[in-house]
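So the sequence lines, in the order shown, correspond to chains R and S.
Anchor point for the first sequence: position 56 equals 88 in the numbering used here, and the numbering is continuous, going up by one each time.
Anchor point for the second sequence: position 444 equals 1321 in the numbering used here, and the numbering is continuous, going up by one each time.
Virtual Cβ for every residue (Gly too), placed ideally from N, Cα, C.
Note that the structure is a prediction, hence the values are computed from the model and not measured.
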Amino acid sequence: MEARRKVLVIDDEPDLVEMIRMALERQFEVATAFNGKDGVAKARSDKPDAIVLDIMMPEKDGFAACRELKGDPNTASIPILILTGVGEYFGRTKYTKMNGKEIEADDFMPKPVDPNELIRRVSDLLRKG
Amino acid sequence: MWSKLKIWGLMPFRTLRAKLVFSFLLIVLAGGLASTIIGTEMVGDTIIAQAQKKVRHDLVSAWMVYQEKLNRIRDVLNLTAKRDLIIRSLVEGNLDTLRHELERVRIEYGLDLLTVTDKKGVVLIRTRPPYQVGDFQGNDELVRRALVKEVVSSTEIVPQQELMKEGPELVRQAFMEFVETPKAKSRPETQETSGMVLKAAIPILDVNGNILGVLYGGALLNRNYEIVDKIKDVVYRGELYKGKETGTATIFQWDLRISTNVKNHSGLRAIGTRVARDVYDQVLENGRAWVDRAFVVNDWYIATYEPIRNIKGEIVGILYVGTLEEPYTDLRRNVIYSFFAIAFLGLVVVLFLAYFITRSITKPIGELVKATEVIAGGDFSHEVSIQSRDEVGHLSISFNRMTQTLKATMEELYVVNTKLQELNRHYLEMVGFITHELNQPMGVLKGFLIMLEDESLGPLANPKQKQAIATMLRNVNALINMVQKYLQLGRIESGRMEINKVRIPLFEETLTPVLQDEKQQLAARKMEVVIENERAFRQLEGVADPVLLQIVFSNLIGNALKYGKEGGKIWIGFREEPLELLFYVKNEGRGIPADKLNLVFEKFARLEGELEHRRRGTGLGLFNAKEIVEKHGGRIWAESEEGKWANFLFTLPKGERKS
């Protein structure tokens, strides 16, 4: 059995993090962080294979975190999947601007999160990476 | 009454004033025309009647002239017959002296014949060459009566042989060939040989009153113009009208003009012509006077004819006088012109007055109209200042009051509206907050429920658990859907909806994610999505905000899912039109009644579906879709065949294509 790939989940909502963890644990090793600052630190130290990132967070939001990670050569190659808020951030592609801001993520997924879909998306990202 | 007339609609009047002026004109025109017609008719009749009356009067004068001449002849004879010289000469048989004296009298008094008979009626003396005597004249009515001591005078017809006895010159004077005219009554004769004579006969008496003989004499009227010219001079004073004689007189022997001052075409007296047929019948046959207009030789005359009778009362001729009609027709024409001139003047005056009157009437109305426009434009401070006690004054007072009331109401409304907007903002904020706050727990619930349902967290113990979880999942989905719609609405209504248009592959960016998200729902309702013209659709590019257009498709497809027939089809497609792209989402199902097609896009509208009781929507999906489509510059509408299908269509402007 090959080594399980590591996925870092960054979200300020513990229940949601718990739900995502339960979903992803079926296939991946899961690390969690509850704000952007911790998330970026963990990404740098843990070197996960993929990151699932929420936008609305205290202490450095998803935009900032994403920018920082993508701007750091050490973490730039880690694929990032952004979870977008319902209604507000419905889109998920490179054409999407969020509140008018460009965001350089690898994939987007709207909330509410379907666990099976999330597994599929993360798998896709890992395969590409 | 005017208002009921539909003619105003046909008239090209754009102003009240034009209408009023036109009404004024119409009234004056009608009145003027009526009075002109009636006036001219009346005046015309009066003028003609006056003319006829005058002509009758003229005839009386003419008769007086005529009778005076006859009386003069009788008086001359009467005086002569009583002279001593005459009586003595006759008693003594001194005929030469008598003839000499009488011839002098005849010539002096302008008589054509003067003759003496004895007491038996045999002619003793004639006073004209060849002084023929010896014939019997006792058969002559006048002589017969004089022989029984009567003094008589009258107009008599004297046959040619009798004229011959009195003097051959008289035969020539009397002889007249008929001049044929078309209107004359045809007669077998072609000439007149006898003469018409004003004649008197006087008995000559001795001192004892015994009859000695008869003196008779007279004037031949044929070609003798003394009487007619005198009539003209006395009655008409020889007046001329435009170079024409205003009055004419004629003596007819039977129907023949023997003495006249009516001129023929050559300017000569028109003797030898005869009277018109209808005058002939009326005057000669029936013995009645005739008064009417008549065309005499050259001109129209107002003419009157009366019979001339001899001593026995037999009609022997006609006396005519006529006055030129032209002065009267001219007068009538002038009167008519005057009437028209007055009417026209009246029209001008009325037009002038109407101009000012209507201005005074319509000016305040114009002010009101202006004020209304100002108020319609939203300026309530405007007041009209019309000082008038009439309806317009009342109207302006009411108008000002209305304006004030309106102003007050508008101010109240403004206050209320501001409050309402405030409330609405709070409401939207609250809805936004609640839905946003609901969002997160719903997401958690949904995720766990999915994992429970697919047993990735471990097997479920029995079907009841499975059913419970499926129901929970369905309800969570419904809640999430509702929350999404409210979040969309919040964005739209709060004016925070920004459109970031970019050129995108439409299918991939807007339809694919929606179909992905609805996969489960479609499967649950056993519905099949059919993409029409799929290859072209997948290649289609357009300029739109991908996030917002996703919402449109999501709401339309969600709608089709909710109201479509279970196990039915949903067709999704597009058509390229010259200026826009048209998209549609069509589903099988009960459809929408024709009268509800427009209502479905209203906020909180609810479609009556077969599953209505089970699947209550927010009534926001189509409203949100409409707002988004319209913000993109497109249109959205619904079509349906009831009981079969419903189709939702929307357009997007094509925008500029990048080369």
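Tell me where the alpha helix (DSSP H) around glutamate 1507 of chain S begins and ends.
As a position in the second sequence, residue 1507 of chain S is number 630, starting the count at 1. For glutamate 1507 of chain S, the enclosing alpha helix (DSSP H) starts and ends at 1498-1508.
On the three-state DSSP scale, how would you describe isoleucine 1376 of chain S?
Taking the first residue of the second sequence as 1, we reach residue 1376 of chain S at position 499. The three-state secondary structure of isoleucine 1376 of chain S, taken from DSSP, is coil.
Residues of chain R with CB closer than 7 Å to the CB of glutamate 1320 of chain S, please, in chain order.
Within the second sequence, numbered from 1, the residue matching residue 1320 of chain S stands at position 443. Sequence check: residue 1320 of chain S is glycine here, not glutamate. Around glycine 1320 of chain S, the beta-carbon contacts reaching into chain R at under 7 Å are Leu48, Lys143, Pro144, Val145.
Cβ-based contacts, 9 Å cut-off: residues of the region 1305-1338 of chain S near chain R:
Of all residues in the region 1305-1338 of chain S, only Thr1312, His1313, Asn1316, Gln1317, Pro1318, Met1319, Gly1320, Val1321, Leu1322, Lys1323, Gly1324, Phe1325, Ile1327, Met1328, Asp1331, Ser1333, Leu1334 place a beta-carbon less than 9 Å from a beta-carbon of chain R.
Applying the criterion that 16 or more other CB atoms from any shown protein chain within 10 Å of the CB defines a buried residue, is tyrosine 1182 of chain S buried or exposed?
As a working note, residue 1182 of chain S is residue 305 in the second sequence. With 16 or more other Cβ atoms within 10 Å, it is buried.
For chain S, is any of its Cβ atoms less than 7 Å away from the one on glutamate 45 of chain R?
Numbered from 1 along the first sequence, position 13 holds the residue referred to as residue 45 of chain R. Yes, because at least one Cβ of chain S sits closer than 7 Å to the Cβ of glutamate 45 of chain R.
Nearest-angstrom beta carbon gap, isoleucine 1428 of chain S and phenylalanine 1478 of chain S [assumed within contact, 8 Å]:
The residue given as residue 1478 of chain S occupies position 601 in the second sequence. The residue given as residue 1428 of chain S occupies position 551 in the second sequence. Between phenylalanine 1478 of chain S and isoleucine 1428 of chain S a beta carbon distance of about 15 Å is seen, past the 8 Å cut, so the two are scored as non-contacting.
Measure the beta-carbon distance from isoleucine 1195 of chain S to isoleucine 1188 of chain S and round it to whole angstroms, keeping in mind my assumption that it falls under 8 Å.
Locating residue 1195 of chain S in the second sequence gives position 318, counting from the first residue. Locating residue 1188 of chain S in the second sequence gives position 311, counting from the first residue. Not really, about 17 Å apart at Cβ, beyond 8 Å.
Who pairs with threonine 1171 of chain S in a beta bridge, going by DSSP?
Here residue 1171 of chain S is taken as the residue at index 294 of the second sequence, counted from 1. The sequence shown places alanine at residue 1171 of chain S, rather than the threonine named in the question. Beta-bridge partners assigned by DSSP to alanine 1171 of chain S: S/Tyr1178.
With which residues is proline 142 of chain R paired in a DSSP beta bridge?
As a position in the first sequence, residue 142 of chain R is number 110, starting the count at 1. Paired residue(s): R/Thr116.
Quick check: is the beta carbon of isoleucine 1369 of chain S nearer than 7 Å to any beta carbon in chain R?
On the second sequence, residue 1369 of chain S is found 492 positions in, with the first residue counted as 1. No, isoleucine 1369 of chain S does not count as interfacial toward chain R.
Please state the DSSP three-state secondary structure of glutamine 1014 of chain S.
Your numbering for residue 1014 of chain S matches position 137 in the second sequence. Of the three classes helix, strand and coil, the one that applies to glutamine 1014 of chain S here is coil, per DSSP.
Bounding residues of the alpha helix (DSSP H) (the contiguous stretch that carries arginine 1351 of chain S):
As a first step, residue 1351 of chain S is located in the second sequence; it is residue number 474 there, counting from the start. Its alpha helix (DSSP H) spans residues 1340-1370.
Supposed close pair valine 1537 of chain S, arginine 1380 of chain S - CB separation, criterion 8 Å
Given that chain S is displayed from residue 878 to residue 1536, the structure contains no residue 1537 of chain S and the question cannot be resolved.
Candidates S/Glu1457, S/Ala1437, S/Gly1496: which alpha carbon is nearest glycine 1468 of chain S's?
Position 591 of the second sequence, counted from the first residue, corresponds to residue 1468 of chain S. Measuring from the Cα of glycine 1468 of chain S, the nearest candidate turns out to be S/Ala1437.
Say whether chain S places a C-beta atom closer than 7 Å to the C-beta of arginine 152 of chain R.
Start at 1 with the first residue of the first sequence, and residue 152 of chain R comes out as number 120. Taking Cβ atoms only, chain S never reaches closer than 7 Å to arginine 152 of chain R, which makes this a no.
Other residues of its chain near leucine 1425 of chain S: CB distance less than 6 Å, five sequence neighbours each side excluded
Position 548 of the second sequence, counted from the start, is the residue given in the question as residue 1425 of chain S. Within the same chain, and ignoring the five residues on either side of leucine 1425 of chain S in sequence, the residues whose Cβ sits closer than 6 Å to its Cβ are Ile1505.
Under 7 Å between C-beta atoms, does arginine 36 of chain R make it to chain S?
As a first step, residue 36 of chain R must be located in the first sequence, where it is residue number 4. Arginine 36 of chain R does not count as touching chain S.
If we ignore side chains and look at the alpha-carbon of each, how far apart do proline 1059 of chain S and threonine 1150 of chain S end up?
Position 182 of the second sequence, counted from the first residue, corresponds to residue 1059 of chain S. Position 273 of the second sequence, counted from the first residue, corresponds to residue 1150 of chain S. Taken atom to atom, the span from the alpha-carbon of proline 1059 of chain S to that of threonine 1150 of chain S is near 10 Å.
State the CB to CB distance for the pair threonine 1348 of chain S and leucine 1459 of chain S, rounded to an integer number of angstroms; the pair is presumed to be in contact (CB under 8 Å).
As a position in the second sequence, residue 1348 of chain S is number 471, starting the count at 1. As a position in the second sequence, residue 1459 of chain S is number 582, starting the count at 1. Not confirmed; about 39 Å, so no contact.
Applying a beta-carbon distance threshold of less than 7 Å, which residues of chain S neighbour alanine 55 of chain R?
Along the first sequence, one-based indexing puts residue 55 of chain R at 23. Taking the beta carbon of alanine 55 of chain R as reference, the chain S residues within 7 Å of it are Gly1324, Met1328, listed in sequence order.
Where alanine 1523 of chain S falls: helix, strand or coil (DSSP):
On the second sequence, residue 1523 of chain S is found 646 positions in, with the first residue counted as 1. Look at alanine 1523 of chain S here: in three-state DSSP terms it is strand.
At which residues does the alpha helix (DSSP H) containing isoleucine 1234 of chain S begin and terminate?
Along the second sequence, one-based indexing puts residue 1234 of chain S at 357. Start and end: 1203-1253.
If you measure from the beta carbon of arginine 58 of chain R to each beta carbon in chain S, is any gap under 7 Å?
Locating residue 58 of chain R in the first sequence gives position 26, counting from the first residue. For arginine 58 of chain R, the closest Cβ of chain S is nearer than 7 Å.
Kindly list the residues whose CB is nearer than 6 Å to the CB of lysine 160 of chain R, restricted to its own chain and excluding five residues on each side of it in sequence; keep chain order.
Here the question's residue 160 of chain R lines up with position 128 in the first sequence. Once the five neighbours on either side are set aside, lysine 160 of chain R has no close Cβ partner at all.
Hey, which unbroken runs of the alpha helix (DSSP H) at 4 residues or more fall wholly within the region 1005-1059 of chain S?
Taking only runs of at least 4 residues, the alpha helix (DSSP H) segments lying wholly in the region 1005-1059 of chain S are 1018-1024, 1037-1043, 1045-1051.
Among the candidates S/Trp1448, S/Glu1411, S/Val1035, S/Lys930, whose CA atom is the shortest distance from the CA of arginine 1170 of chain S?
Your numbering for residue 1170 of chain S matches position 293 in the second sequence. Comparing C-alpha distances from arginine 1170 of chain S to each of S/Trp1448, S/Glu1411, S/Val1035, S/Lys930 shows the shortest one belongs to S/Lys930.
Within 7 Å (strictly less), CB to CB, does methionine 88 of chain R reach chain S?
Sequence index remark: in the first sequence, residue 88 of chain R carries index 56 (1-based). It does not: the Cβ of methionine 88 of chain R has no partner Cβ on chain S nearer than 7 Å.
Under 7 Å, do glutamate 1332 of chain S and leucine 1350 of chain S count as touching if we go by C-beta distance?
On the second sequence, position 455 is the one that residue 1332 of chain S refers to. On the second sequence, position 473 is the one that residue 1350 of chain S refers to. Going by C-beta atoms, glutamate 1332 of chain S is not nearer than 7 Å to leucine 1350 of chain S.
Exposed or buried, which one is tyrosine 1232 of chain S when buried takes at least 16 other CB atoms within 10 Å?
One-based indexing of the second sequence puts residue 1232 of chain S at position 355. Flag for tyrosine 1232 of chain S reads exposed.
For valine 993 of chain S, report the span of its beta strand (DSSP E) as first-last.
As a first step, residue 993 of chain S is located in the second sequence; it is residue number 116 there, counting from the start. Run containing valine 993 of chain S: 990-995, per the beta strand (DSSP E) assignment.
Helix, strand or coil: which one does DSSP assign to phenylalanine 1451 of chain S?
Residue numbering aside, residue 1451 of chain S sits at position 574 when the second sequence is read from its first letter. Looking at phenylalanine 1451 of chain S - three-state DSSP - the assignment turns out to be strand.
How long is the line joining the alpha carbons of threonine 1312 of chain S and threonine 1495 of chain S, rounded to whole angstroms?
On the second sequence, residue 1312 of chain S is found 435 positions in, with the first residue counted as 1. On the second sequence, residue 1495 of chain S is found 618 positions in, with the first residue counted as 1. Approximately 13 Å between the Cα atoms of the pair.
Return the CA-CA distance between alanine 926 of chain S and isoleucine 1234 of chain S, expressed in angstroms with no decimal places.
On the second sequence, residue 926 of chain S is found 49 positions in, with the first residue counted as 1. On the second sequence, residue 1234 of chain S is found 357 positions in, with the first residue counted as 1. For the pair alanine 926 of chain S and isoleucine 1234 of chain S, the Cα-to-Cα distance works out to about 44 Å.
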